[in-house]
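Sequential numbering from 1 applies to the sequence shown in our numbering. Idealized CB from N, CA, C, for every residue including glycine. The block underneath contains the structure these notes are about, expressed in structure tokens.
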Amino acid sequence: MLDPELTAQLKRVLTSLEQLLPRPIPRIDWSVTTAANWHRHSFAGYLEPLDVVASITLDDLLGIDEQKRVVEENTRQFLSGLPANNCLLWGTRGTGKSSLVRAILDSYAGRGLRVIQVDKDDLVHLPDIVDVIKTEPYRFLVFSDDVSFETGESSYKMLKSALDGSVYAPPENVLIYVTSNRRHLLPEYESDNRGAMLYNNEIHHGEAVEEKISLSGRFGLWVGFHPFSQDQYVEVVRQWVSKLCARQDTESIWDDEARQAAILWSQQKGDRSGRIAYQFASHWVGKRLLAQR
């Protein structure tokens, strides 16, 4: 018979171990789940269904028609079992990069598209993630938002390997979509070009620059998102004001006063992007309709 004191110690150890282990998670039913999040735990991680996915449609994304066309076309190729590319969506904040991925899911979930969101630091677990889904009869976008690295990070190395397929390659039902504010996913410094050479009037980058280009260069598609000009920004605001008014069953509240207020709003924010345009339109329409009650 065990000593009571030893039994108590064993119970404490088991209790501590239970806190370290992940809670039991049932296998995801992808027929009803369109998106999941890779949840990191002490030792590994697990896929957790996302019950609420922000509902946004492709028609809601204004001023980025070419970017929508490129990403949607690539995704349709993927869903059709045709050759398609991993995709880097890069550019300034608020320009619609992550919203475009959510809108693609909203449009194509009915055709078998699924999204798994993975934090940048958890990309090291890519082999574990795709091992769970590689036999599923769906097409998966492994999506990592707002990514940037320091050279040598383990997640950086894993992503590079996955894109290149040299050591580890995802199965044919998986593509990688990444958003970043940086085109090369890594910080760039003035000192990076000190190793550059000039030969026959052509600049050959130093090793630091080549290493930084090597990761982004492994994405088949680069899709750039840039701030709007003032005219583009105003036009997107006008369209959003019309959309929001239509949702409230009222005529568009757009006039020169709204235009001037929209420009001032962007100046105060120091930004002209789709996000800023939507924020102003929500403020303006809500304020004006409230004043009419």
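Taking the continuous beta strand (DSSP E) assigned at residue i, which residues delimit it?
i, result
"GLN117", "113 to 117"
Bridge partners of residue i, per DSSP?
i, result
"ALA35", "VAL115"
"VAL178", "LEU88 and SER144"
"TYR46", "HIS39"
"GLY224", "TRP90"
"ARG139", "LEU113"
Comparing alpha-carbon positions, which option in the options lies nearest residue i?
i, options, result
"ARG259", "SER242, ALA246 and ASP249", "SER242"
"SER155", "VAL223, ALA103 and ASP119", "ASP119"
"ALA162", "THR179, ARG139 and PHE219", "PHE219"
"ILE28", "ASP65, PRO49 and LYS157", "PRO49"
"GLY96", "PHE228, LYS269 and LEU82", "PHE228"
"LYS157", "THR135, SER216, GLN117 and ARG69", "SER216"
"LEU105", "LEU290, LEU264, GLY45 and LEU79", "LEU79"
"VAL285", "ALA246, GLN268, GLY270 and LYS269", "ALA246"
"THR75", "LEU159, SER266, VAL101 and GLN292", "VAL101"
"ASP145", "LEU289, GLY270, GLN248 and LEU123", "LEU123"
"PHE225", "TRP38, PRO26, SER99 and GLN77", "SER99"
"SER273", "GLY63, THR57 and PRO26", "GLY63"
"TRP30", "ARG40, LEU47 and HIS39", "LEU47"
"GLY91", "ARG182, ASP128 and GLY45", "ARG182"
Specify, as a first and last residue, the run of the alpha helix (DSSP H) that residue i falls within.
i, result
"VAL132", "126 to 133"
"GLU235", "230 to 247"
"ILE263", "256 to 269"
"SER55", "SER55 -> no alpha helix (DSSP H), and no H or E assigned at all."
"ASN74", "65 to 79"
"ALA277", "274 to 291"
"ASP106", "97 to 108"
Tell me, please, whether the segment 168 to 183 touches the segment 227 to 237 by the rule of three or more beta-carbon pairs shorter than 8 Å.
Inter-segment contact for the segment 168 to 183 and the segment 227 to 237 is absent: fewer than three beta-carbon pairs are separated by less than 8 Å.
Does the segment 102 to 114 come into contact with the segment 123 to 139, if we say contact requires no fewer than three beta-carbon pairs (one atom in each stretch) closer than 8 Å?
Contact between the segment 102 to 114 and the segment 123 to 139 is present: 3 or more CB-CB pairs across the two stretches fall below 8 Å.
Do the segment 236 to 255 and the segment 272 to 282 meet, that is, are 3 or more Cβ pairs less than 8 Å apart?
In short, these stretches touch, since the Cβ pair count reaches three.
Can we say the segment 85 to 100 touches the segment 64 to 75, given the rule of at least three CB pairs closer than 8 Å?
With a cut-off of 8 Å on Cβ pairs, the segment 85 to 100 is in contact with the segment 64 to 75, counting three or more such pairs.
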